[in-house]
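Peer 1: Following this message is one structure expressed as structure tokens.
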Amino acid sequence: MREIALILVIMIMLSAGCVSQTIELDGVEVREYDGERLSSVNDFRENSIAGPQDVDISSYRLRVTGLVENQKEYTYEEAVSLQTYSKVVTLYCVEGWEARILWEGIIVSDLIQKSGIKPEANTVIFHAVDGYTTSLPIGYVTDKDIILAYRMNGVTLPKERGFPFQLVAEDKWGYKWIKWVNEIELSNDPNYRGFWESRGYSNDANIEDSFYD
Numbered sequence: 062m063r064e065i066a067l068i069l070v071i072m073i074m075l076s077a078g079c080v081s082q083t084i085e086l087d088g089v090e091v092r093e094y095d096g097e098r099l100s101s102v103n104d105f106r107e108n109s110i111a112g113p114q115d116v117d118i119s120s121y122r123l124r125v126t127g128l129v130e131n132q133k134e135y136t137y138e139e140a141v142s143l144q145t146y147s148k149v150v151t152l153y154c155v156e157g158w159e160a161r162i163l164w165e166g167i168i169v170s171d172l173i174q175k176s177g178i179k180p181e182a183n184t185v186i187f188h189a190v191d192g193y194t195t196s197l198p199i200g201y202v203t204d205k206d207i208i209l210a211y212r213m214n215g216v217t218l219p220k221e222r223g224f225p226f227q228l229v230a231e232d233k234w235g236y237k238w239i240k241w242v243n244e245i246e247l248s249n250d251p252n253y254r255g256f257w258e259s260r261g262y263s264n265d266a267n268i269e270d271s272f273y274d
């Protein structure tokens, strides 16, 4: 039965359009960093649940909600004006491909700490414009300095790659790398399961382990 369920999940992903495409960038893409060759923005495949999202940046808000002392929301301009960090991280997709990219963005723990994390919070739930969700333990998010990226290889995220924000879930399988993020919710539910996790994928999503429970 597990094998049948896994086949069905993969069929859903394929029907979502797991294809690579050449996309228009807002500048010149960096392909080497500190002597290391980088993958291209175009090396990714489109496998989202509802296709690339067109986000109206004038009305967009990044919200911090849930178990915090003060719920906050940020315009895109306010969010990207916060301190920027960069790191080279590889995304590993369950389909078998990978991409090593220079990511730039804000550290999630910096953002949520500005709202005051309540003591009972232990989980961060990420929400996207298209309804996709996933979750990660607060300890992982803070210890790893996980980035909410708005640039990749020196260019602004194109909509196909998650503009305005994509989570860089280092050392996790690609389904944790949620795109088009518009809400960060603090929760006390460590068993929360997002879109793919509720369909049989591992909630831990560690790349050294199987992605399927």
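Going by the numbering used here, the letters in the sequence shown line up with residues 62 to 274, in that order. Heads up, the beta-carbon is just placed ideally off N, CA and C, and yes, glycines get one too. Bear in mind that the values here come from a model prediction, so they are computed numbers and not experimental data.
Taking the C-alpha atoms as reference points, what is the distance between V116 and K220?
Peer 2: Approximately 8 Å between the Cα atoms of the pair.
Peer 1: Taking only three categories from DSSP, how would you classify S59?
Peer 2: Examination of residue 59 is not possible in this model, given that the chain is present from 62 through 274 alone.
Peer 1: Let me see if you follow: with CB-CB separation under 8 Å, is E159 close to chain E or not?
Peer 2: Judged by its chain identifiers, the structure shown contains no chain E, having just a single protein chain.
Peer 1: By the 10 Å Cβ neighbour count, where 16 or more other Cβ atoms means buried, how is A210 classified, buried or exposed?
Peer 2: Buried.
Peer 1: Just to confirm, is the Cβ distance from I186 to S248 under 8 Å?
Peer 2: Contact: yes.
Peer 1: Assuming V155 and F272 form a contact by the criterion Cβ under 8 Å, report the distance between their Cβ atoms to the nearest whole angstrom.
Peer 2: Confirmed, Cβ separation roughly 5 Å.
Peer 1: I believe V129 touches G177 by the beta-carbon criterion, under 8 Å. Please report the beta-carbon distance rounded to the nearest angstrom.
Peer 2: That belief holds up - the Cβ atoms of V129 and G177 are roughly 6 Å apart, short of 8 Å.
Peer 1: Can you find the residues in the same chain that come closer than 8 Å, C-beta to C-beta, to Y121, ignoring five residues on each side of it along the sequence?
Peer 2: So the list reads T136, Y137, P225, N243, once near-sequence residues are dropped.
Peer 1: Would you say K237 and T195 are within 8 Å of each other, going by their C-beta atoms?
Peer 2: Yes, Cβ-Cβ distance for K237 and T195 is below 8 Å.
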